[in-house]
Amino acid sequence: MLEVRGVEAAYGPFLALSGVTLTARPGEIVALLGPNGAGKTTLIRCITGLLRPRAGGIRWEDAPLDRVPAHAIVERGIAVVPEGRRLFGAMTVEENLELGAFVPRARPQRAARLEHVYTIFPMLRERRRQITRALSGGQQQMVAIGRALMAGPKLLLLDEPSLGLAPRLVESIFDVLREINRSGVSILLVEQNVQAALTLSHRAYLLEAGRVAGEGSAAALLDDPRVRRAYLGPLAR
Amino acid sequence: MTPLFQQLVLGLLIGGLYGLAAAGLSLVFGVLKVLNVAHGQLIMLGGYGAFWLFALRGLDPFASLAVVIPAALVAGGVLYWTLFGWVVRAPEETRVKNSLLIGFGLALALEAAAVRLWTADERSVTTGYAGAVLTVAGLAVPVVRLASLALALALCGGLHLVLARWRWGRAIRATAEDWEAALMTGIDVRRAYLLAFALGTALAGAAGTLVSVGYSISPSIGLEWTLKALIVVVLAGLGSMLGTFVGGLVLGLAEAVSATVFGGPYREVVGLVVFFVVLVARPRGLFVR
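As given, the protein sequences belong to chains R and S, one line each in that order. Going by my numbering, the first sequence opens with residue 1, and the numbers climb by one from there. Going by my numbering, the second sequence opens with residue 1001, and the numbers climb by one from there.
Structure below.
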């Protein structure tokens, strides 16, 4: 349902993606792995319409996505948890969540979804009147995921949701992602935490220097000695 | 002591209008990252709008707010479509620079148009009750100016509510904080810009109307009002309309003290001194945490 074909993208003269092809099918969790600067975030920016590909195409539910204005992407059923969370820090937790349901497709169910988000993250219900900036990193990540869920997405993009979080917190966030996926939401997950990402996902793509350097089922990649050496360190067994 | 207190009362009364003038500028600057240096000229036009409605139609200036505000809202939308909408296509860092050029051009054009339409004479809206004065504890409080202060507070409070409660009000605040994140939550930020600019212009129109009742207007008052509004924005910081209103009161009071202590001609100087001191000591504004 998401089809990225031969996408090239550049920041000025600097080519960040040189021909990336990947797909995410309904119900899948697909991980996008790779070192810093490999182009992972750039690809997310292309899918969310913040950056226009220079060549290639992005299709979503059999219609081109790369001509759709950025603000209309959410309405198509794609929500994003951006790198660094990008919350509205001066606004309350609940205001952030409600803004997640800003688009017309999400408005009718916003009360039910808010309840749903508070069920997943009970902590947020307690803090719903607090200014988001005052929350801890983990709590802010919950708000960011909650805000994306408020849109009722069919595909959820997550850019480094584990960044800067304690390992136990990462585990609980990933548990939540598994639950979200079981409820029928496809997930495209950008991660540096390769072990955790491969454990969670069904398939994965390895991105290197703006190209897909490898792909396969998560189980196969987890066993691949090259992947283990490159991403999990020489001591990984 | 009485002259000082009398000055303070008058300072507080005009301070409310400084706050209202600054609220519009602050909204536009905070959301679009565009400095509209023609804001004072928009205030001036709002004043002439009320003047015309009074002189030609006999409409009470306070009632004319009901005409001036919607008209200014539309005018703001048109200005955004024709001029400022182009500026926001530029990256954020270059917007202020570009907006200064457009703003100064617009300011000159509006001023010239006002001279044509209404001549360079000073005007004011002089109603039957214009001279009414309340005496409180030996201090004279002009009724019209007191009503203006109350209306200015009501308008700033109203804007605060619009931004806090209305769906698009929240979208405007979200856009002000992080326009890319706003886009990613599905907010059409161009529309948020348009709405913010229109609201800012409407506030300028309202401020102008109140200036024309309690004070006087001429085609050349624009720059002075832009300057006052800018000082208040620096004083109060961005992000809180009620903070901006209080900032206006602070400037009004500071001017009153300065006028009493150093004499009338130094009234304006204090604003610039405050501007400088705040920029050096608290560059994000007095009320921003």
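Using N, Cα and C, we set each Cβ at its ideal position, and we do this for glycine too.
* Just the C-alpha distance for PRO69/R and GLY1264/S, rounded to the nearest angstrom, thanks. => 56 Å
* **Proximal residues, the region 62-75 of chain R versus chain S, C-beta separation under 8 Å** => PRO69, ALA70, HIS71, ALA72, ILE73, VAL74 and GLU75
* Which residue's Cα is closest to the Cα of PHE1276/S: VAL1261/S, LEU1227/S and ALA1256/S? -> LEU1227/S
* To do: Determine, using beta carbons only, whether VAL1270/S and SER1258/S come nearer to each other than 9 Å.
  => yes
* To do: Could you check how far apart the C-beta atoms of GLY1024/S and GLY1200/S are, in whole angstroms? I think they sit under 8 Å.
  => 4 Å
* Asked: Could one say the Cβ of GLU98/R lies closer than 9 Å to chain A's Cβ atoms, at least one of them?
  -> Here chain A cannot be found, since the structure's protein chains are R and S.
* Would a check of beta-carbon distances place THR119/R closer than 9 Å to chain S? -> no
* To do: Would you identify the three-state DSSP class for ARG8/R, choosing helix, strand or coil?
  => For the sequence presented, residue 8/R should be read as Glu rather than Arg. GLU8/R: strand per DSSP, three-state reduction.
* **ARG211/R: first and last residue of the uninterrupted beta strand (DSSP E) it sits in** => 211-217
* Asked: Nearest to VAL4/R by alpha carbon, out of PRO35/R, LEU15/R, PHE14/R and ARG45/R?
  -> ARG45/R
* Closest by CA to ILE1069/S, which one among VAL1233/S, ALA1055/S, LEU1151/S and VAL1274/S? -> LEU1151/S
* Output the residue ranges of the alpha helix (DSSP H) runs that lie fully inside the region 1124-1195 of chain S and measure 4 residues or longer, sorted by chain position. => 1143-1165, 1167-1177 and 1179-1184
* Can you tell me whether GLY1169/S is buried or exposed, with buried defined as 16 or more other CB within 10 angstroms of its CB? -> buried
* Asked: What residues of chain S sit near GLY89/R, judged by a beta carbon separation below 8 Å?
  -> GLU1177
* Alpha carbon to alpha carbon, what distance is there between PHE88/R and ALA1174/S? -> 6 Å
* Where SER162/R and PRO53/R are concerned, what is the direct C-alpha to C-alpha distance, given to the nearest angstrom? -> 27 Å
* Asked: Is the number of C-beta pairs between the region 1102-1117 of chain S and the region 1200-1220 of chain S that are closer than 8 Å three or more?
  -> yes
* Asked: Any beta-carbon of chain S closer than 9 Å to the one on PHE102/R?
  -> yes
* **Neighbourhood of VAL1213/S by C-beta, 6 Å cutoff - its chain only, sequence neighbours within 5 removed** => PRO1061, VAL1125 and VAL1144
* To do: Only counting runs of 4 or more residues, tell me where the alpha helix (DSSP H) segments fall wholly within the region 1006-1087 of chain S, in order along the chain.
  => 1039-1057 and 1061-1079
* Asked: At least one CB of chain S closer than 9 Å to the CB of PRO301/R: is that the case?
  -> It is not possible to answer for residue 301/R, since the shown part of chain R is limited to 1 through 237.
* Might you give, ordered along the chain, the residues of its own chain that have their beta carbon closer than 6 Å to the beta carbon of GLY1103/S, omitting 5 neighbours on each side? => ASN1036, VAL1037 and ALA1038
* Asked: Below 9 Å between beta carbons: does that hold for LEU995/S and VAL1067/S?
  -> Given that chain S is displayed from residue 1001 to residue 1289, the structure contains no residue 995/S and the question cannot be resolved.
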